[in-house]
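Colleague: Here it is, the structure, as structure tokens.
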Amino acid sequence: MLINCVAYENGTKLADLPIEEISDYLARPECFVWVALADATPEELDTMKEEFSLHELAVEDARHGHQRPKIEDYGDSLFVVMHLLDFGPNASTAADAGTGEVDIFVGRNYVLSVRNHSVQHFLAVRERCEREPELLRLGSGFVLYALMDATVDRYIPIADLLETELEEIEELIFTQGAARANIQRLYSLKSRVMRLKHAVAPLLEETGKLFGSRAPAVCASGREYFRDVHDHLARINTSIDNVREMIGTAIQVNLSMVAIEESEDNKKLAAWAGIFAVATAFAGIWGMNFKAMPELDWAYGYPVALIVIALSSLLLYLRFKRAGWL
Amino acid sequence: MLINCVAYENGTKLADLPIEEISDYLARPECFVWVALADATPEELDTMKEEFSLHELAVEDARHGHQRPKIEDYGDSLFVVMHLLDFGPNASTAADAGTGEVDIFVGRNYVLSVRNHSVQHFLAVRERCEREPELLRLGSGFVLYALMDATVDRYIPIADLLETELEEIEELIFTQGAARANIQRLYSLKSRVMRLKHAVAPLLEETGKLFGSRAPAVCASGREYFRDVHDHLARINTSIDNVREMIGTAIQVNLSMVAIEESEDNKKLAAWAGIFAVATAFAGIWGMNFKAMPELDWAYGYPVALIVIALSSLLLYLRFKRAGWL
Amino acid sequence: MLINCVAYENGTKLADLPIEEISDYLARPECFVWVALADATPEELDTMKEEFSLHELAVEDARHGHQRPKIEDYGDSLFVVMHLLDFGPNASTAADAGTGEVDIFVGRNYVLSVRNHSVQHFLAVRERCEREPELLRLGSGFVLYALMDATVDRYIPIADLLETELEEIEELIFTQGAARANIQRLYSLKSRVMRLKHAVAPLLEETGKLFGSRAPAVCASGREYFRDVHDHLARINTSIDNVREMIGTAIQVNLSMVAIEESEDNKKLAAWAGIFAVATAFAGIWGMNFKAMPELDWAYGYPVALIVIALSSLLLYLRFKRAGWL
Amino acid sequence: MLINCVAYENGTKLADLPIEEISDYLARPECFVWVALADATPEELDTMKEEFSLHELAVEDARHGHQRPKIEDYGDSLFVVMHLLDFGPNASTAADAGTGEVDIFVGRNYVLSVRNHSVQHFLAVRERCEREPELLRLGSGFVLYALMDATVDRYIPIADLLETELEEIEELIFTQGAARANIQRLYSLKSRVMRLKHAVAPLLEETGKLFGSRAPAVCASGREYFRDVHDHLARINTSIDNVREMIGTAIQVNLSMVAIEESEDNKKLAAWAGIFAVATAFAGIWGMNFKAMPELDWAYGYPVALIVIALSSLLLYLRFKRAGWL
Amino acid sequence: MLINCVAYENGTKLADLPIEEISDYLARPECFVWVALADATPEELDTMKEEFSLHELAVEDARHGHQRPKIEDYGDSLFVVMHLLDFGPNASTAADAGTGEVDIFVGRNYVLSVRNHSVQHFLAVRERCEREPELLRLGSGFVLYALMDATVDRYIPIADLLETELEEIEELIFTQGAARANIQRLYSLKSRVMRLKHAVAPLLEETGKLFGSRAPAVCASGREYFRDVHDHLARINTSIDNVREMIGTAIQVNLSMVAIEESEDNKKLAAWAGIFAVATAFAGIWGMNFKAMPELDWAYGYPVALIVIALSSLLLYLRFKRAGWL
């Protein structure tokens, strides 16, 4: 589905184009064309391939989708794949939260962005670019930066939400009785962290190539900008690795807490069982049928017996209390 | 066993050859020969070694089999080893799923592929190549790409199946009573993941050499293609590492769930034991044989005793219920 | 908030300046200006951006804050971000201890430091610099060193406190009954260690660029000094990694101790339960209502029975004692 | 102890030499001398040091033994240390299986091999070399290759045995009651895996230097051969790392199985305890001494009581059965 | 405290000097001065700084102490820090075993060694150097080697002791009842291993710079010697990493053994509890007060009841025995 197709020259918008006129504008030396597609059909991709002479392998990747994030240099053009993550803090399993994708083809005088399986759009990016003509004048490289920057900025609240969720779990981890819920949340959190990781980590590595001394020509005029994207990714990646390591520790700690609570419960139960066992043993003894059990005939035998039972139970209770078992 | 032996020139098939004529065709400058063997005998390998002047060490590796995936550069030729994995999601142990192997010798004007211990064949690859003469014209390097691409593409459904199986286990991991089955499935999954890993990881590293600035001559005209293979391997490898890490976490989580369930069962049992211990203690006391136990002589002593026993049991039951133990 | 704005020439202080005069002093060849801001407003940053021609992206980072530590080279200037950690040994969770930030812009003839969200100030650094004119003569690079050195030196007592706390926990880890407190302290310690790690590790990596053969011009005259900062960071980092690894081991050991203690308690309880079960079984037998139970009619039947019960209990007690269960 | 001392020229054996004549043969341009020692005395090593002008530090290493595997380049000669492992699958602890060592000094015109603390000899290597004069003509470098190849090939069956043992344990890991034996075997396996690792990993790294563009002169004519040794080591190393990772998982799984089995046993026991507790509670109630307990006087009171007890026990039994506890 | 101050020329000792004369000897072209200090006062260090023109930062490090091991190149001089470890196998916690330090300043014509907080001295090194004039002739670089070699050689018995202690624990790890002692020893062992690691690992990395093609001038004439030190460190490091990995596994195994033993004990106890529960249940039933319980009136009712109780207990005992629970 075509979203936009606009030609820019010298930092300002020339015109909204029908697709057929793209090649006319590509011929102008100072002009570049920026096309946005969403969930592109194979036919649309074929048209674009022809208009911009895209490389077959890159187009095939866009067609199939489900690529890992990457930046491929085809000499005079770049092919960029980034993930669009649509999950928030409430998605409870990895499965019910979608991962979309945006594929960007950039050449000297064109930018083609194709987003798939995602509701996230980039209209705000286009508006921002059009508001900043002095930067848009830098050409298609700046548009690439703006698209990458917008995509990466959307990872930040996700990373923050994951951190916040970890903190929520951390507060419950030493609470009695929450072990089962904690472990479920930790596992679910881990799944989502891994997915963010897979959006971020390959992109971090690949963006490193966009601002060094061997950066592609398209990116040459905006190295500081691509370094900025790289830096944001590095920050998110650090935060992810932190959450990942703390999840591992939290799972261990949670297991320890289960063991500690079980151990405490066991002591408590055993203590009560012991107290009743003593009572039962005394009752059993005085329930024996020996003829000659003088205390059975005493007038106050029974109350004394009850007192003996109560006192020995109390004694045990106090000992267990002192030992911290009750 | 000889499968095919065909000469190609300028992107089109010249002829099916008997082995003896190979050398005639190798002499033609624009022609290359593509031979496919399956479970080659030592004699067949010796013939091929002579026809194509293969290096002794490479032939020896093909003869022995059970190599790790690798790409060896012998100056004017390449020797490629890849694993062929024949296991699906139902193979329950690592042992009953086979790992075959395909060995490819590529020179300027020949391709020799030898597959061993596997039912996977490459007839579709030959057909695809013959359908695309403009690409086949690139020569033996393109055939190498096509064979590698086909082999690597076969890893993708395996990786997907492993991911799917992990997701199935994940859904059961918080289900009571499934711990034993989960742990068995996780261990079996891990075994298979490791085998896919050993097919993919070395190949990932080695294919990196096929498209850089120091790529072998045979691959020079198709660098983007080999980068594409590399990229597919990278994607599979990421997916494997993800599954591997999640298996580790899932095993820990499963153990935690066992501990949590045991702890809950223990509380429940202990609670019931406590309730009965109280009843037994009361019964024991009123079963004592003291003469002077006035309540024993009351008309309604027995029903009152039963009520006392029932009430104290009920009281305990409610307390345990409130504490979440029952 | 402006803290200071001073011009230096030839290692000595020229004058405290109002902000408007900065540009006059920047024009003098041998002079440099050192400005310190705290919790700078966007307007202050804009003024500074203009005075020193700072790069937009660097200023934006300073405006937003919450950057990871980094050193960015903008050709003729450096932008340095470091964390200021305000937590001591008593902060029990990661949340209630603040992480501030200091952002430093350094050019040939200026230093601008902006500290945010932290009470830590750098007045002592300025005093030290003014006391050492022979070093201050080295220019803005030396001021950068002095600020980095001061910041990094403040990490050292934090790392030491974390080590000390680990040692305290280690002493308790084999103490009975401390498992719950230990695991809470270990988790809290881990959180703080991770935060120190995130202040130190990126900075360690980045400072490595300040003294090699490709060091930025601003740092050129003080390579040994920046290597010294790097070396301090390396030491702190080693200490952090050590604590981190030992925390992991301590958590495992703590869990083992819980298991061992539970196992010991269980044995003890089971032993007592066994002793009472024997007593109760004997009492039960002699409480049966068979007519013909001759021992019931013996004159000394009852004391003998009590002695039998006591002796068999004692026997069991001694056996359990010998087996180390009691 | 001197094993052999032979001079070769042009790929064929010239003569068995007494040690004194070595220097005569070293003077001939096309000739090289190959000496084999076993458990060499310091005196023998001193003689050799003089004959071949070996470097003091290399000789000292050979004298002390217990080196890690390494390849040291002394300009005109190489010093190679490899481990000889004498343990099979039955060695139950790391301690009772020996690790020997072979030290090889190679120069342009000599090879000196010294094996220590091992019964493994290299006579077959010498025979193989003498059978292949066209390869032996390559000189001392080929002998070095042949010795390394033989040593590395001996690691392969050890690695295979370790893999086989892992598989045997894997089959038992889900068997009830085998946990103790499994954990012992896994630990012992791990010890042996680590020793093989320490023989293989450093050698893998060091052999990488023998076939690159900066390979030592002695190895220059046989780069493919040294790459082949490197490749074998890489394969063994991969196999070791696989076993190592699976042992870690197997230990975790084994612990999980212990916990699962314990949890199942506990349920079973608690179920039986519950059934008997109910019976005892009923018996206790009807054993009370209240005067007015009408059912005690019924003619069929006793059989009815027995039936009530039996039925309630049966009821509980069936419930536990249904819940999967029995 | 000054230990020695000696001038050497041409490999032989010239004279013991008072400190004031050092500069006279430094002026002689072929001469070098070797000074040894122990627990140097700030004044002594200041004197030395002046005599040898040491760099302020290096002297400051020596003054403060507690550095991590490192080798710093100050152009015409080197500054080396190494740890001196004073702990043997009996030190039970990390805290009560000291870590000293030796700081070495080396220039073309001087060596200054300062050892702090350690009783280890280097008199034997000086004697060895003086006994080998042909090596001492190599100058200050050889002295540096000799000091490093001596320091590193002292790590070897420590590493061996740690390995031996691990082996001792390994022998106990499958012994019943030793779990608590094992876990304490393993944790203490780990602490000490980490400290040795921190002495060895940074030094291993840093010594790598002393023999490559960019080695400092001072080390140029003895590259093989520094490679030898590096090699010893690599061996110790491998041994440490081995112990470290095995400790991790041993802790896991120990926990498994605790779980297995507890599981076995639990079964045993539960079996006995079951046997007594049966006896008690029977006794309870025959203790009921029903009028019509014909067996109570049988002449041999009581012995028959005892036999029934005994037989059913025996039956249970045998079943548990067969199931391996007793």
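Protein chains in written order, with the working numbering: chain A, 1 to 326; chain B, 1001 to 1326; chain C, 2001 to 2326; chain D, 3001 to 3326; chain E, 4001 to 4326. A virtual CB, placed ideally from N, CA and C, is assigned to each residue, including glycine.
1) Could you check whether A199 of chain A and Y155 of chain A sit closer than 8 Å to each other, using their CB atoms as the reference points?
2) Comparing C-alpha positions only, which one of C:V2111, C:W2298, C:F2079 sits nearest to V1990 of chain C?
3) Let me confirm a value: A250 of chain A is counted as buried when at least 16 other C-beta atoms fall within 10 Å, else exposed. Which label applies?
4) For the structure I just gave you, are there three or more beta carbon pairs, one from the stretch 2267–2277 of chain C and one from the stretch 2317–2325 of chain C, closer than 8 Å?
5) Just how far apart, CA to CA, sit S77 of chain A and V143 of chain A?
6) Is it buried or exposed for Y2187 of chain C, if we count other Cβ within 10 angstroms and need 16 for buried?
7) Is A3139 of chain D helix, strand or coil by DSSP?
8) Report the rounded CA-to-CA distance for M82 of chain A versus R131 of chain A, giving the unit in angstroms.
9) Per DSSP, what kind of secondary structure is G2103 of chain C in: helix, strand or coil?
10) Of all the residues that make up the stretch 3171–3195 of chain D, which are near chain B by a beta-carbon distance shorter than 9 Å?
11) A2977 of chain D touches chain B at which residues, Cβ-Cβ below 8 Å?
12) Can you check the stretch 3127–3176 of chain D for any alpha helix (DSSP H) of at least 4 residues that lies completely inside it and give the ranges in chain order?
13) For D327 of chain A, count the other beta carbons within 10 Å of its own beta carbon; 16 or more makes it buried, fewer makes it exposed. Which is it?
14) Where does the unbroken alpha helix (DSSP H) through Y302 of chain A begin, and where does it stop?
15) Exposed or buried, which one is N2090 of chain C when buried takes at least 16 other CB atoms within 10 Å?
16) Are Y4302 of chain E and M2293 of chain C touching if we call contact CB-CB under 8 Å?
17) Show which residues of chain B have a CB atom less than 9 Å away from the CB atom of G3324 of chain D.
18) Run through chain A and tell me which residues come within less than 9 Å of R1128 of chain B, C-beta to C-beta.
19) Indicate the three-state DSSP secondary structure (helix, strand or coil) for A4273 of chain E in the structure shown.
20) Where does P2157 of chain C land, buried or exposed, given buried means 16+ other C-beta within 10 angstroms?
21) How do the stretch 1004–1014 of chain B and the stretch 3009–3024 of chain D stand: do at least 3 beta-carbon pairs fall below 8 Å, yes or no?
22) Counting beta carbon pairs with one atom in the stretch 38–46 of chain A and one in the stretch 1205–1212 of chain B, are three or more of them shorter than 8 Å?
23) Taking V4253 of chain E as the query, report the chain D residues whose CB atoms sit under 8 Å from its CB, ordered along the chain.
24) State the CB to CB distance for the pair A277 of chain A and F2276 of chain C, rounded to an integer number of angstroms; the pair is presumed to be in contact (CB under 8 Å).
25) Alpha carbon to alpha carbon, how far is L1037 of chain B from I1183 of chain B? Give it in angstroms, no decimals.
26) Taking CB distances under 8 Å as the criterion, tell me whether K975 of chain B reaches chain A.
27) Using a 10 Å radius around the Cβ and a threshold of 16 neighbouring Cβ atoms, would you call P4216 of chain E buried or exposed?
28) Could you tell me the alpha carbon to alpha carbon distance between A323 of chain A and I309 of chain A, rounded to whole angstroms?
29) Less than 8 Å separating the beta-carbons of V3218 of chain D and R3108 of chain D?
30) For G2222 of chain C, decide whether its Cβ has a neighbour in chain E, counting only Cβ atoms nearer than 8 Å.
31) Could you tell me the distance, in whole angstroms, from the CA atom of G337 of chain A to the CA atom of F32 of chain A?
32) Starting from V4258 of chain E, find everything on chain C with Cβ-Cβ shorter than 7 Å and list it in chain order.
33) By how many angstroms is the C-alpha of I307 of chain A removed from the C-alpha of L2306 of chain C?
34) What is the rounded straight-line gap between the Cα of I1173 of chain B and the Cα of M1257 of chain B?
35) Does R4232 of chain E come within less than 8 Å of chain C when only Cβ atoms are used?
36) By DSSP's criteria, I4071 of chain E is part of a beta bridge. Which residues make up the other side?
Modeller: Answer, in terms of the structure:
1) Against the first sequence, residue 155 of chain A aligns to sequence position 155. Against the first sequence, residue 199 of chain A aligns to sequence position 199. With a cutoff of 8 Å on beta-carbon distance, Y155 of chain A and A199 of chain A are scored as near each other.
2) Examination of residue 1990 of chain C is not possible in this model, given that chain C is present from 2001 through 2326 alone.
3) Locating residue 250 of chain A in the first sequence gives position 250, where the first residue counts as 1. Buried, since its Cβ has 16 or more Cβ neighbours within 10 Å.
4) With a cut-off of 8 Å, the stretch 2317–2325 of chain C and the stretch 2267–2277 of chain C count as touching, because enough Cβ pairs lie within range.
5) Locating residue 77 of chain A in the first sequence gives position 77, counting from the first residue. Locating residue 143 of chain A in the first sequence gives position 143, counting from the first residue. CA-CA distance, S77 of chain A to V143 of chain A, rounds to 14 Å.
6) Start at 1 with the first residue of the third sequence, and residue 2187 of chain C comes out as number 187. With 16 or more other Cβ atoms within 10 Å, it is buried.
7) Stepping through the fourth sequence from its first residue, residue 3139 of chain D is reached at position 139. Note on identity: in this sequence residue 3139 of chain D is Gly, with Ala being the wrong assignment. G3139 of chain D falls in the coil class under three-state DSSP.
8) The sequence position of residue 82 of chain A within the first sequence is 82, counting from 1. The sequence position of residue 131 of chain A within the first sequence is 131, counting from 1. Linking M82 of chain A to R131 of chain A through their CA atoms gives a straight-line distance of about 25 Å.
9) For this step, residue 2103 of chain C is matched to residue 103 along the third sequence. The amino acid occupying residue 2103 of chain C in the given sequence is Asp; Gly does not appear at that position. When secondary structure is reduced to three states using DSSP, D2103 of chain C falls in the strand class.
10) Hits within the stretch, in order: E3171, I3173, F3174.
11) With chain D covering only 3001 through 3326, there is no way to say anything about residue 2977 of chain D.
12) Counting whole runs of 4 or more residues, the stretch 3127–3176 of chain D contains the alpha helix (DSSP H) stretches 3133–3136, 3140–3172.
13) Since the displayed chain A opens at 1 and closes at 326, residue 327 of chain A lies outside it and no answer follows.
14) Along the first sequence, one-based indexing puts residue 302 of chain A at 302. First-last of the alpha helix (DSSP H) with Y302 of chain A: 301–322.
15) By 1-based counting over the third sequence, the position of residue 2090 of chain C is 90. Residue placement at N2090 of chain C cannot be trusted, given a pLDDT of 48 that sits under 50; what the coordinates show is reported in the next sentence. The residue in question, N2090 of chain C, is exposed, as its Cβ has fewer than 16 Cβ neighbours within 10 Å.
16) For the purposes of this step, residue 4302 of chain E is taken as residue 302 along the fifth sequence, with counting starting at 1. For the purposes of this step, residue 2293 of chain C is taken as residue 293 along the third sequence, with counting starting at 1. Yes, the pair counts as a contact, with Cβ atoms nearer than the cut-off.
17) As a working note, residue 3324 of chain D is residue 324 in the fourth sequence. What G3324 of chain D touches in chain B: G1177.
18) Position 128 of the second sequence holds residue 1128 of chain B. What R1128 of chain B touches in chain A: nothing, since even the nearest Cβ is about 14 Å away.
19) Locating residue 4273 of chain E in the fifth sequence gives position 273, counting from the first residue. The DSSP-derived three-state label of A4273 of chain E is helix.
20) Looking up residue 2157 of chain C in the third sequence gives position 157. Exposed: under 16 other Cβ atoms inside 10 Å.
21) Counting Cβ pairs under 8 Å, fewer than three are found: no touch.
22) Too few Cβ pairs lie closer than 8 Å, so no.
23) Stepping through the fifth sequence from its first residue, residue 4253 of chain E is reached at position 253. Within chain D, the residues near V4253 of chain E are I3183, L3186, Y3187, I3251.
24) Your numbering for residue 277 of chain A matches position 277 in the first sequence. Your numbering for residue 2276 of chain C matches position 276 in the third sequence. Between the beta-carbon of A277 of chain A and that of F2276 of chain C there is about 4 Å, and that keeps the pair under the 8 Å contact cut.
25) Along the second sequence, one-based indexing puts residue 1183 of chain B at 183. Along the second sequence, one-based indexing puts residue 1037 of chain B at 37. Looking at the two C-alpha atoms, the distance is approximately 42 Å.
26) Because chain B here runs from 1001 to 1326, residue 975 of chain B falls outside it and cannot be looked at.
27) Position 216 of the fifth sequence, counted from the first residue, corresponds to residue 4216 of chain E. With 16 or more other Cβ atoms within 10 Å, it is buried.
28) Here residue 323 of chain A corresponds to residue number 323 of the first sequence, with the count starting at 1. Here residue 309 of chain A corresponds to residue number 309 of the first sequence, with the count starting at 1. Distance between the alpha carbons of A323 of chain A and I309 of chain A is about 21 Å.
29) Numbered from its first residue, the fourth sequence carries residue 3218 of chain D at position 218. Numbered from its first residue, the fourth sequence carries residue 3108 of chain D at position 108. For V3218 of chain D and R3108 of chain D, yes; Cβs fall inside 8 Å.
30) In the third sequence, residue 2222 of chain C corresponds to position 222, counting from 1. Any Cβ of chain E closer than 8 Å to the Cβ of G2222 of chain C would place that residue at the interface, and such an atom is absent.
31) With chain A covering only 1 through 326, there is no way to say anything about residue 337 of chain A.
32) Residue 4258 of chain E sits at position 258 when you count from the first residue of the fifth sequence. Close to V4258 of chain E, with beta-carbon spacing below 7 Å, are these residues of chain C in chain order: S2256, A2259, I2260, S2263.
33) Indexing the third sequence from 1 puts residue 2306 of chain C at position 306. Indexing the first sequence from 1 puts residue 307 of chain A at position 307. Rounded to the nearest angstrom, the two C-alpha atoms are 20 Å apart.
34) Residue mapping note: residue 1173 of chain B aligns to position 173 of the second sequence, counting from 1. Residue mapping note: residue 1257 of chain B aligns to position 257 of the second sequence, counting from 1. If I take the Cα positions, the gap works out to 8 Å.
35) In the fifth sequence, counting from the first residue as 1, residue 4232 of chain E sits at position 232. Note that residue 4232 of chain E corresponds to His in the displayed sequence, not to Arg. At least 8 Å separates the CB of H4232 of chain E from every CB of chain C.
36) By one-based count along the fifth sequence, residue 4071 of chain E stands at place 71. Its beta-bridge partners are E:V4080.
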